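Single-structure report; data block below.
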Amino acid sequence: MSKGVVLITGASAGLGEEMARQFAALGYDLALCARRVDRLAKLAAELPVKVIVKQLDVTDDDAVFTVFHDFAADFGRIDRVIVNAGLGKGAPLGTGRPDANRATARVNFLGALAQAEAALEIFRAQGRGHLVIISSMSALRGMRRSMTTYAATKAGVAAMAEGLRSERIPGVDVSVIYPGYIRSEMNEHVQQQTPFMVDTATGVRAMVAAIEKRKAKAYVPAWPWVPIGAAMRLLPLSVVRRMV
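Be aware that the sequence shown starts at 1, since it is given in full-length UniProt numbering, and climbs by one per residue.
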């Protein structure tokens, strides 16, 4: 018997794909969406639960609402929405690549806003649900160079999650997850020797555990990111810039 229905955006690769695998192993049915629907179909064929896949570009607001509501109709309910789709492009501001920074802002913030709107329409109508926002440890402080826009978008979605939690919508839990260095398609160009980098399965296992506990916020994996997170919030920026 299914434990519930989990909707995951950006599920065709990286953290989203591995979350799909791990939630399936826990017995959840899955609503999976991403731009690359061929990869979703391949993933669905490998999973031992009911899976419905749909193509979605999260920068298309109308499509986000249509896809989310279609999933709700397909399954009869949606128990959890994981706002995971993200983009890691970026360049130092003022260096001639505003297109990369705008693309990241559109996907990571405006796309997340549309997903949260659509999810909460469904949850308010149901009277229950769990909204999960995937942020980043980079959200805790301003980041330099090519990370500036990415970190700002992740700080923005974390603030959005906190605002929704403060609203105390009846029956709705809101979690924000701050992953540390977890190997994924987005960071495959990063050196293998990066300190504290863990493999995808290990990192996602920590994410799924925190999500299952419906934690309001979680730095994952807990070691070393809980103490690093505390330090990042307190130390001078001149020190933080050498830490991450």
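Glycine is no exception: its CB is placed at the ideal position from the N, C-alpha and C atoms. Given the structure is predicted, the values throughout are model-derived calculations rather than measurements.
In summary, residue 14 is buried, with 16 or more beta-carbon neighbours lying within 10 Å of its beta-carbon over all protein chains present. Contact between the stretch 150-159 and the stretch 133-140 is present: 3 or more CB-CB pairs across the two stretches fall below 8 Å. Comparing alpha carbon positions, the residue from 171, 241, 133 and 42 closest to residue 159 is 133. Straight-line measurement puts the Cα of residue 56 at about 7 Å from the Cα of residue 67. The beta carbons of residue 231 and residue 220 sit no closer together than 9 Å. Bridge partners of residue 32 according to DSSP: 8 and 53. Under DSSP, residue 98 takes part in no beta bridge, so it has no partner. Residue 168 counts as exposed, since fewer than 16 other beta carbons sit within 10 angstroms of its beta carbon. Apart from the 5 residues on each side of it in sequence, residue 206 sits with its Cβ closer than 6 Å to the Cβ of 220 and 221 in its chain, given in chain order. For residue 127, the CB contacts under 8 Å within the same chain, skipping 5 residues up- and downstream, are 170 and 171 in chain order. Per DSSP, the continuous alpha helix (DSSP H) segment holding residue 165 begins and ends at 148-167. Between the alpha carbons of residue 77 and residue 242 lies a gap of roughly 46 Å.
In the DSSP assignment, the residues bridged to residue 175 are 132. Straight through space, the alpha carbons of residue 1 and residue 58 are spaced by roughly 31 Å.
In the same chain as residue 228, and ignoring 5 residues on each side of it, no C-beta atom comes closer than 6 Å to its own. Counting only the Cα atoms, residue 142 lies some 11 Å from residue 238. Take residue 197, set aside five residues on each side of it, and the residues of its chain with a beta-carbon closer than 7 Å to its own are 181 and 183, in chain order. If you draw a straight line from the Cα of residue 107 to the Cα of residue 85, it comes to about 7 Å. By the C-beta density criterion, residue 18 is buried, having at least 16 other C-beta atoms within 10 angstroms. In the DSSP assignment, residue 144 falls outside any alpha helix (DSSP H), carrying neither H nor E. Using a 10 angstroms sphere on the CB of residue 218, the tally of other CB atoms reaches 16 or more, which defines it as buried.
DSSP places residue 80 inside the beta strand (DSSP E), whose first and last residues are 80-83.
Counting the other CB atoms within 10 Å of its CB gives residue 95 a total below 16, which places it among the exposed residues.
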